[in-house]
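Just so it is clear: in the sequence shown, position 215 is 760 by the working numbering, and no numbers are missing. Working notes for the structure below.
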Amino acid sequence: MATLSISRAMRFTNQSGSNVEPLLPFLFPPFGCGGQPIRISSHPFSTSSSKAYPRPRRTRENNKLRGMSALRSTGLNGKRLSVEKELRGILPVPVEPKKDRYLKHNINEEGVNPNHPLWGFFNPAKTFSAKPHEDHAHGNPWHPDQLRIKSFDDMHKIWWMCVKDLNRMATEEGERLRLNLQFGDKEMRERQIHVRRTMSNIKQVLRERHYSWLEAKELVRQNPALGVPDKRMYEDEDENDYWEDEAEENGAVTDEQNMNNNTTKTQQQQA
């Protein structure tokens, strides 16, 4: 907005014509004294609410479940729960579960033979499920370096012990799913990983031995002068012929000789 000082307004009235009456000083507004310019403030028209005066912060709590947590054992916020007197006698009372509801803890009570081979599918305690700390009581899996010094018979025994343990854990897992038991899964998974890793290492060692045998077989084929005593290592022969040769060397009688002897005896008797 344009500003107009008092001195400028007086000059304007003196320079104007005689017909124009001079402006008197007392007609001017009181502000602007001392020769300062008159400043008229203005504000643009707006229908929006002003941001200079925000609404007061709402202190009311709208969430009625604030502070209620089952994990932190907090809640109710000082509220009291009341039960009507009419319902106090109708409320359920906790009852101990029946002992025969699930399988018996000791299956030997059923009168089963304790030496039955199917006991291999159960734990040493002969219960329907091993305890978590029993499944957790295991060591590290067999390392290939440890298995390389073992014989074929030892690795055969270790392999079938792993198979037996996997069958036992599979039986207990099915029983826990049937009874909806929520324990022992984590320990069983860890034990299964160790058992399967042992079986994988056994196959690795057997594969290494097989490849070594193939290389030795090819080496003997190329160099017959190596003098391998058993030619079955590099020639494919019938297994029955091999055992017949062994029997002849030991002086034993083979099945074919027994058959020939029996036929000659029957012919002599008929004659």
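For every residue, glycine included, the Cβ atom is placed at its ideal position computed from N, Cα and C.
Mind checking which residues open and close the alpha helix (DSSP H) that includes residue i?
i	result
residue 681	677 to 681
residue 689	689 to 692
residue 716	697 to 724
According to DSSP, is residue i part of a helix, a strand, or is it coil?
i	result
residue 614	strand
residue 619	strand
residue 740	helix
residue 727	coil
residue 510	Residue 510 is absent from the model: the chain starts at 546 and stops at 816.
residue 769	helix
residue 818	Residue 818 falls outside the range modelled here, since the chain spans only 546 to 816, and no answer is possible.
residue 685	coil
residue 779	With a pLDDT of only 46 at residue 779, under the threshold of 50, the placement of this residue in the model should not be trusted, and no figure is reported.
residue 735	helix
residue 753	helix
residue 764	helix
residue 747	helix
residue 636	coil
Near residue i, what residues of its chain come up, given a Cβ to Cβ distance below 8 Å and the 5 sequence neighbours on each side ignored?
i	result
residue 614	620
residue 665	709, 712 and 713
residue 770	none
Closest to residue i by C-alpha separation, out of the options, would be which residue?
i	options	result
residue 676	704, 706 and 736	736
residue 542	710, 602, 705 and 674	In the structure as shown, the chain begins at 546 and stops at 816. Residue 542 is therefore absent and cannot be evaluated.
residue 701	744, 638, 618 and 755	744
residue 693	731, 750 and 703	750
residue 706	739, 641, 639 and 610	739
residue 696	672, 719, 754 and 741	754
residue 746	612, 703 and 660	703
residue 511	679, 752, 611 and 609	Coverage of the chain is limited to positions 546 through 816, which leaves residue 511 absent and any answer about it impossible.
residue 732	657, 770, 680 and 748	680
residue 685	612, 748, 769 and 741	741
residue 687	612, 748 and 618	748
residue 678	730, 638 and 636	730
Whose C-beta lies closer than 6 Å to the C-beta of residue i among residues of the same chain, with five residues either side of it excluded?
i	result
residue 716	666
residue 669	none
residue 616	none
residue 606	none
In its own chain, which residues sit with a C-beta less than 7 Å from the C-beta of residue i, not counting the 5 before and 5 after it?
i	result
residue 646	Its pLDDT being 48, under 50, residue 646 is placed unreliably in this model, and the coordinates cannot settle the point.
residue 720	673 and 674
residue 683	736 and 739
residue 718	733
Within 7 Å: the Cβ of residue i and any heavy atom of the ligand COA?
i	result
residue 718	Among the components modelled here there is no ligand, and therefore nothing to report on the ligand COA.
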